[in-house]
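Colleague:
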Ligand SMILES: [Zn+2]
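Numbering (the UniProt record's numbering), first residue to last: 1 to 361.
(1) Does the Cβ of residue 296 lie closer than 6 Å to at least one heavy atom of ligand 1?
(2) For residue 336, does the three-state DSSP call read helix, strand or coil?
(3) Let me check you understand the geometry: is the CB of residue 239 closer than 6 Å to at least one non-hydrogen atom of ligand 1?
(4) Just to confirm my understanding: we take residue 287, look at its own chain, exclude 5 residues before and 5 after, and list those with CB closer than 6 Å. What are they?
(5) When the Cα atoms are used, what is the spatial distance from residue 147 to residue 174?
(6) Would you grab the beta carbon distance between residue 349 and residue 251 for me? Rounded to a whole angstrom, and I think it's under 8 Å.
(7) With H, G and I counted as helix, E and B as strand and the rest as coil, what does DSSP make of residue 357?
(8) Note down the Cα distance separating residue 262 from residue 111, rounded to an integer number of angstroms.
(9) Should residue 237 be labelled buried (16 or more other beta-carbon atoms within 10 Å of its own) or exposed?
(10) Hey, could you find the ends of the alpha helix (DSSP H) residue 196 is sitting in?
(11) What does residue 188 pair with, by DSSP beta-bridge criteria?
(12) When a residue counts only if its C-beta is closer than 5 Å to some heavy atom of ligand 1, which residues count, in chain order?
(13) Residues in its own chain within less than 6 Å of residue 265 by CB, not counting five upstream and five downstream?
(14) Kindly indicate which three-state DSSP category residue 327 falls into: helix, strand or coil?
(15) Residue 229 lies in the beta strand (DSSP E); which residues open and close that run?
(16) For a test of the three-state rule: what should DSSP assign to residue 165, helix, strand or coil?
(17) Go through its chain and collect everything with a Cβ distance to residue 297's Cβ below 7 Å, but skip five positions before and after it.
(18) Out of curiosity, what's the CA-to-CA distance linking residue 143 and residue 229?
(19) Identify whether residue 221 lies in helix, strand or coil by the three-state DSSP scheme.
(20) Would residue 253 and residue 115 be called neighbours here (beta carbons separated by less than 7 Å)?
(21) By DSSP's criteria, residue 259 is part of a beta bridge. Which residues make up the other side?
(22) Which first and last residues belong to the alpha helix (DSSP H) in which residue 303 is found?
(23) Between which two residues does the alpha helix (DSSP H) containing residue 159 stretch?
(24) Is the separation between the beta-carbon of residue 249 and that of residue 130 shorter than 7 Å?
(25) Can you list, in chain order, the residues of its chain whose CB lies under 7 Å from that of residue 320, leaving out five sequence neighbours each side?
(26) Does the segment 268-282 touch the segment 181-193, meaning 3 or more C-beta pairs lie closer than 8 Å?
(27) Do residue 172 and residue 201 come within 7 Å of each other at the CB atom, strictly closer than that value?
Here it is in structure tokens:
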């Protein structure tokens with residue numbers, strides 16, 4: 001791994017106190033199935049944010065049988081079982097309870113959570129590995145070949161969770177071959193794609209009997225890493241970008257946020273919800289929509305307060321990332337990484353809030 005760093009050099013790694021236990025949001029023990037509507041709002045208000053307080057700066061260190069039943073397009077609009085019943089039984093993924101009667105959240109173990117922004121060309125693909133070796137893949141870029149090569153390079157032989165932030169090709173095409181790694185759960189925004197790529201993805205996931213789940217502000221435990229699956233705010237029009245699924249990761253005092261290709265209408269909707277789980281600072285943040293001009297805004301970034309911004313971008317004809325977006329990131333004082341220049345960008349986060357960053361080139 002290259003120690004090469006971006007030109008800008010701001011202090012980054014911070015030590016912070018661990019969040020208190022037992023403040024996790026209550027997630028319903030079961031969810032209705034077969035409904036198109038999402039039970040999205042209920043848990044948001046109680047969302048437990050990391051109580052990260054700025055502290056002293058720390059030194060920076062370097063196939064089963066195919067299912068019959070609903071067709072692919074039927075599946076898209078369905079809210080199939082929440083993760084609760086099926087996966088709690090599997091032992092790796094448990095829902096969080098809150099309140100006196102609730103089970104406390106598991107304390108983060110030692111070790112690090114690894115977040116890799118994979119260099120897959122234009123598009124998003126983020127690989128997360130918990131200290132226990134559990135894996136989640138958020139989007140897959142637009143090239144199955146490139147994503148497969150990256151997963152091989154990093155030794156990924158099994159996926160526990162796959163998330164498609166939305167159904168555009170630069171996010172899901174790479175997920176088609178990745179489905180062979182048998183993710184137990186697949187989470188998306190509930191809006192079906194209209195492309196053959198989407199149909200192929202659904203079939204590939206059905207072949208490995210993945211459980212389809214709609215994003216609903218649920219918290220998923222990937223080992224000792226908490227993943228808040230951020231549903232689109234209410235009232236979004238029927239548009240893929242505007243229904244991008246967000247992911248807020250928390251490992252002790254270390255936090256990361258990524259929200260697909262959200263446009264300002266969606267981020268403004270989240271801001272209106274005044275969600276503590278989306279309020280910064282975040283040590284790691286993925287630039288929205290590859291640095292498009294309709295993605296990040298000054299108001300949203302003031303809420304997120306990123307320490308590091310990663311732009312997942314490759315050769316493209318859209319002008320990504322735009323000068324306006326780059327200017328916004330500079331104004332936050334964050335370090336800025338780009339997968340087109342730095343290759344795969346990797347963060348190793350520790351429960352005390354410190355972390356290290358590495359780039360492929
Ligand atoms: Zn995109």
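Think of the CB as a built atom: it goes at the ideal place given N, C-alpha and C, for glycine as much as any other residue.
Modeller: The short version:
(1) Because no heavy atom of ligand 1 lies under 6 Å away, the Cβ of residue 296 does not count as near it: no.
(2) Note: residue 336 maps to strand in three-state DSSP.
(3) Here the distance from the Cβ of residue 239 to the nearest heavy atom of ligand 1 is not below 6 Å.
(4) Taking residue 287 as the centre and dropping the five residues before and after it, the same chain places the C-beta of 309, 311 closer than 6 Å to its C-beta, in chain order.
(5) If I take the Cα positions, the gap works out to 6 Å.
(6) In this structure residue 349 touches residue 251 by the C-beta definition: roughly 5 Å separates them, less than 8 Å.
(7) In the structure shown, residue 357 sits in a strand (DSSP, three-state: E or B).
(8) Taking the straight line joining both Cα atoms gives about 32 Å.
(9) Its Cβ having fewer than 16 others within 10 Å, residue 237 is exposed.
(10) Bounds of the alpha helix (DSSP H) holding residue 196 are 196-207.
(11) Bridge partners of residue 188: 214.
(12) Having a Cβ closer than 5 Å to some heavy atom of ligand 1 are 170, 261.
(13) Within the same chain, 242 come within 6 Å of residue 265 by CB-CB distance, once the 5 residues on both sides are set aside.
(14) In this structure, residue 327 counts as helix in the three-state DSSP scheme.
(15) Per DSSP, residue 229 belongs to the beta strand (DSSP E) from 225-230.
(16) Coil at residue 165, not helix or strand.
(17) Taken in chain order, the residues that qualify are 264, 267.
(18) The alpha-carbon atoms of residue 143 and residue 229 are separated by roughly 25 Å.
(19) Strand, per DSSP.
(20) With respect to the 7 Å criterion, residue 253 and residue 115 are not classified as neighbours on the basis of their beta carbons.
(21) DSSP, once it has assigned bridges, lists no residue as partnering residue 259.
(22) Residue 303 -> alpha helix (DSSP H) spans 298-304.
(23) Here residue 159 belongs to no alpha helix (DSSP H), and DSSP marks it neither H nor E.
(24) Not closer than 7 Å, so no.
(25) If we look at residue 320 and ignore the five residues flanking it on each side, its Cβ neighbours are 290, 291, 292, 313.
(26) Per the Cβ contact rule, the segment 181-193 is not in contact with the segment 268-282 (fewer than 3 Cβ pairs under 8 Å).
(27) Judged by beta-carbon spacing, residue 172 lies within the 7 Å limit of residue 201, meaning their Cβ atoms are closer than that value.
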